[in-house]
Amino acid sequence: MRLIIPLAITFTAGIVMILNFFIPHQPFRFLGENLQEWYMIVASGAIFLGVMNLMHVHTRKIRLKLKNWKYSPVTIIGFLVMFVTGLIYGVTENLPFDYLFMNMVAPMGATMFSLLAFFVASAAFRAFRASNWRATLLLTSAFLVMLGQVPIGAMLWDKIPLAKVWLMSIPNVAGQRAVMIGAAMGVVSTSLRMIFGIERSWLGGAD
Amino acid sequence: MNWEILGIWLGALVTLFLYSFLYRDNPFYKFAEHLFVGMSAGYWVIYNIENVLIPNWWQNMFPEGGGFDWVWLIPGIFALFMLARIWPKTAGLSRLSLGMIVGVGAGLNMVSFFQTNALAQVKGTIFSVASGGVWDIFSSLVLVVGVVSGLVYFFFSKAHTGIMGKTANVGITILMVAFGASFGYTIMARLSLLIGRSQFLLEDWIPTIPRLLGIGG
Amino acid sequence: MNNLSALMIFLLLFAAGSALAEDPPQSVVTEAAEELEVCSAVHLEASDTPEDAGGSVSLYWQMEIDGFEPDSLGVMRSDPSGGEELIVTLPFGTVMYTDQSADNGTEYDYWVVSYSGGTVGTSSNRAEAVPSAQWIYKGRIGMLIILFLMAAVIIYYIESGKKGRKLFIREIAGLAAVDDAVGRATEMGKPVLYIPGIMDMDDIQTIASIVILGRVARKTAEYGSSLLVPTSRSVVMSVAQEVVKEAYIQVGRPDAYNKENIQYLTDDQFGYAAGVDGIMVREKPAAIFLLGTFYAESLILAETGRSVGAIQIAGTAMPSQIPFFVAACDYTLIGEELFAASAYLSREPKLLGSLKGQDAAKLFFMILIVIGVVSATIGDFWSPLKSVAEFLRKLVTVN
Amino acid sequence: MADIFEKLGNLDRRIIFVLIALAVIIPIIFEIVFPNPVGAEPSRDLFDYVDALPAGSNVLLSFDYDPSTMPELQPMAEALVRHLFEKDLNVVGMALWPQGASLGQDAMSSMADSLGKVQFEDWCNLGYKTGGGVMIVRLGTSMSAVFPTDRDNVPWSEIPMLRGITNLESFSLIISLSAGDPGIIAWVMMAGDRFGVPIGGGCTAVSAPTLYTYLQTGQMVGLLGGLKGAADYETLVGIEGGQAVKGMAPQSVAHIVIMLFIIIGNVAYFTRKKKGGAK
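Chains as they are written, first to last, in the numbering used here: chain F, 6 to 212; chain E, 1472 to 1688; chain D, 1085 to 1483; chain Y, -16 to 262.
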């Protein structure tokens, strides 16, 4: 019983969003556009739940002196500094909030992102072994494309860049398409199961 | 104190702290990681307030010219239901908001995935394979066979044996070639990021060291 | 009538322009420019904005190039009652406008005037239009039909599954390994780490991942190993708490449920990656699940997980990230396999039925592709078949 | 001997990390520049197409990007503009992205100064116009109607080089430097397919694979993909030590390091397998 109303809301919202795509007429247009915006507002508002959880986890860690609790104040202070400067100064350029973002948050993001340069190398070293013929194909195609990306490929043989273009535009496109079409079927079927309440474990309900 | 140089130093220090993770977990990384989680969480809260809650909600509910648009109470109430999770007694209300979120997501995803992931891709695969030279014909055939056999690989309700199994094998083979190519191709973009960070350290940060020590300009 | 007047204006201006061009000395041109009118909009076309909720008229025009340039343009409208109004002032250079303030079924007259020095200089031809609302996007009918048929087939198989029809499902290696992975974690006394992707609850891959989380949670509850779920979204955290708690209750171990294990880190993509990396190296999980929507952080997580020696089961429908999971994880659910997971793990007939429905839909598309390619190819030599291919392409075209 | 391979096969990944870091840092510090031979690639196709255009032809260059993708696209813009000027082609610039107009202006005016080209006679910049694909279709009927003036409000009629230009069909080639949507795809579908104007382009590495399909179908005459494409064009045009060519040095070294590791990994794997088989 406690699931009936949420499921009814899911059903209504889902059907409205689908009809909105096919029917330009009111009220679907109005409802469809608004529902998307409403969703955004609810999800944005929910971020307070998250940060409360974050604060709770770290204060608890400090209180109970759990492993690595000494670092928890760093998270709490980091959060408060951003939150308070943001509330006081807003997001205007060159004010403290923006300064902290540009000089700390953004560089940290860029650094984490750039770790990928190292990880692609270690993953390639470990995973690209010609252990069976399928793995050999994976390895060969990766190797050819890498060669084609840099001048040394063309130095070895001027057809290598062409091989790269072929691999990227034929087998790569074929593979991506198969994955995409298949995934779309999965999405349609999963969405249907949600909208019609066939799968309801995500609401914490029995199946 | 020069704010610009301080900014470069802050950026450089957190960059080096995070890179230290490549060696192994250590206090510097732990510090930077905890700082990053906290600061970015703070950033996103402010971002959500400034870029969604104020313009998309508050200013819609109380338009500039004065007045009050009651429609915008609805998302406000749903958001409150969501926050009602904080107290165990009212936690059940959040299911109503979850129902809304999942419904919108399911409906929206269903049509958009179906359009861009299925129909557009099928359309792109319907073409004549008989154009161009021998090599072009071969390429076109690989493309079509690749898509169709790839789809056979994803069949769940039939055992992959006999002709079905052979076709699925062709499918997974083409998928592997595709994954390899995609992996090899992406390496360049990933290296560009590292080059960017290295340039920051080498060209922006290191030159400030002699200046701070009073050597050179 | 409208066309005629437009033509006349155009001819007049053209005549003025060409007469001017014949004047040879430059000084004369400057003098003449003062006599010249401000250049006006021409070829104004007004039509009901197609496929909308009504109340909207699309206007297109061009600018005459001979003459001096106006300060701004005004779009004028009159309705049958005779009332004239200026609906918008636009900067010079604009060549299109959509009037959103019209009433359905009313016949409006539109014209564009050029302002110069605060006064109306010239005006364009008049164009009339009647706005109306439409009930369907014409370009999407084909998609509607296919989607409806597919939904019907999937629901049919779900129903037949419910009725107890025996349904087969092929082996999916990554899912067959779930038990082993959780069991291994229990033996080693180490936790299981579950990453539901970095997107929010409106993302269908996240939803699929949360459903799988429910099944995995039941296994960890049965085996008695601890389950860590760091999330990047508040809503996902809430749902994950709900789902895991329910799973522990169903298995009869509500005491073993620990709310603190399901925590929010940050919405930031790489902040989240940094936090999860930290959890991986410090908690040293024996099994890691990476299921949901992933972007560039996929390999940051998978390589770190690999380095702590965990069994990793990944799955995503993001084509660009699958290669990295394939390279760094023990098992990878590719695309649709992620969506098949909940059916596979639960073996519930109604869910297995939906898989059967998906297969039927794939078969339909495969046949569509094969017929399309064959008819397009033969169509190159024997034209009647070309129209078959054209028809199929049109069917799957969405506007 | 076999022990070495055993060790190599299970190499500590931190050794790989160090070598990758060195591979990137050393070329940056020492400003190493490698030769960049260009094979039979889509970038050469574009170069050859431009090279074969008769002097005095009109070329439309659309700057459809913003500062975030400058590292990849700006070197392309500079190399392309230089080539177009050297071939005495008339270059008409425009932009589908707001900030593209000024980025294009930078590339064209600096190159024009050094090559002695005159604005309004050899080149001009029509600026940015909103509307993407719809706007392109209108360019197909009349250019001056959409662009009554250029970027700096100089009227169309006062720009001498535009006299012979009525619509898109007046151009021998359209080149779009594209960071996304609207960009090359809009040009191919709206200008190439409808009006039959040849389309060439340059794009970021990320979007290149999608666009390769247009090369295969002949809807595009050539394509510069990412930094490599930019470096190719710089080489073909003969720019010494260009931005993109320089940027390719750390890329090349790091790629070679990764490839060497893949080879080492496989050699070690097969040596061990052989040893295992002999037992």
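Just so it is clear, CB atoms sit at the ideal spot from N, CA and C, and this is done for glycine as well.
Return the Cβ separation of residue i and residue j in integer angstroms, given the expectation that the two are a contact with Cβ distance under 8 Å.
i       : j       : result
D:P1154 : D:S1200 : 5 Å
D:I1279 : D:F1373 : 7 Å
D:M1285 : E:L1569 : 7 Å
Y:I8    : E:L1673 : 7 Å
Y:A78   : Y:A237  : Not a contact, Cβ separation roughly 34 Å.
F:L8    : F:R205  : 6 Å
D:A1269 : D:P1369 : 7 Å
Taking the beta carbon of residue i as the centre, do at least 16 other beta carbons fall within 10 Å, making it buried, or is it exposed?
i       : result
D:I1453 : buried
D:K1247 : exposed
D:F1475 : exposed
D:E1421 : buried
E:V1542 : exposed
Y:P181  : buried
F:R182  : buried
E:Y1518 : buried
F:A18   : buried
D:K1434 : buried
Y:P50   : exposed
Y:S235  : buried
D:A1236 : exposed
D:I1229 : exposed
Between the options, which lies nearest to residue i when the distance is taken from Cα to Cα?
i       : options                            : result
Y:D71   : Y:G225, Y:S85, Y:M144              : Y:M144
D:A1412 : F:V192, F:P176, F:L36, F:F124      : F:F124
Y:I158  : Y:G225, Y:V1, Y:A169               : Y:A169
D:I1455 : E:G1651, E:G1604, E:T1596          : E:T1596
D:S1309 : D:R1337, D:M1283, D:E1148, D:L1429 : D:R1337
D:L1259 : D:K1303, D:D1351, D:Q1405, D:G1245 : D:K1303
Determine the direct distance from the alpha carbon of residue j to that of residue i, and round the result to whole angstroms.
i        : j       : result
Y:F103   : Y:I15   : 39 Å
D:V1196  : D:S1207 : 6 Å
D:A1130  : D:R1210 : 9 Å
E:R1582  : D:T1377 : The sequence shown places Val at residue 1582 of chain E, rather than the Arg named in the question. Computed Cα separation, rounded: 18 Å.
E:E1504  : F:A48   : 25 Å
Y:T124   : D:Q1146 : 10 Å
Y:S155   : Y:Y195  : 22 Å
F:T15    : F:S194  : 15 Å
Y:D135   : Y:L86   : 14 Å
Y:F(-12) : Y:L243  : 14 Å
E:F1671  : E:W1480 : 11 Å
Y:A128   : D:V1179 : 8 Å
E:G1525  : D:I1296 : Checking the displayed sequence, the identity of residue 1525 of chain E turns out to be Ile instead of Gly. Cα to Cα, E:I1525 sits roughly 36 Å from D:I1296.
Y:G208   : Y:P192  : 9 Å
D:E1344  : F:Y76   : 17 Å
D:V1112  : D:G1151 : In this prediction, D:V1112 has a pLDDT of 38, which is less than 50 and means its spatial position is unreliable; nothing more can be read from the coordinates.
E:R1668  : F:T116  : 7 Å
Y:I11    : Y:P233  : 7 Å
E:S1511  : F:V110  : 6 Å
E:A1660  : Y:V189  : 8 Å
Across which residues does DSSP place residue i in a beta bridge pair?
i       : result
Y:G76   : Y:L44, Y:N108
D:E1033 : Examination of residue 1033 of chain D is not possible in this model, given that chain D is present from 1085 through 1483 alone.
D:M1147 : D:A1125
D:S1131 : D:S1142
D:F1373 : D:Y1278, D:I1397
Y:L160  : Y:F46, Y:G185
D:E1212 : D:D1193
D:Q1347 : D:P1314
D:D1183 : D:V1141
Y:G208  : Y:C186
Output, in chain order, the set of chain C residues within a Cβ distance shorter than 9 Å of residue i.
i       : result
E:G1576 : The displayed structure is made up of protein chains F, E, D and Y, and chain C is not among them.
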